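Numbering (my numbering), first residue to last: 1 to 100.
Ideal Cβ placement from N, Cα and C applies to all residues, glycine included.
Since this is a predicted model, take the numbers as computed values, not measurements.
One structure below.
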């Protein structure tokens, strides 16, 4: 997938000495899956079928099932970045490197 891209320009006329001209958002997991012929709506439907079956057979409590579905959906909407705590990484924020 595409990584988030930030166009930063140095400009002595700016108070900070620089400005961000453009931020191009990176690809979400759902977008990357679509590139490989997977449909995130269909994936959600399949996971929901499995979760429903687990509830009916008393292998999963409804509360836990809702958490699983919410986490799965949130994961599909997240970016393809890894995070240190295992949670889906939030949308990246621009970072500026001081000129050398």
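Taken through DSSP and simplified to helix, strand or coil, residue 81 comes out as coil.
The DSSP-derived three-state label of residue 60 is coil.
Inclusion of residue 33 and residue 40 in the CB contact set at 9 Å is warranted, their separation being smaller than that value. Spatial neighbours of residue 51 in its own chain (CB-CB distance under 8 Å, excluding positions within 5 residues in sequence) are listed in chain order as 60, 65, 68 and 69.
Taking a 10 Å sphere around the C-beta of residue 46, we find fewer than 16 other C-beta atoms and assign the residue as exposed.
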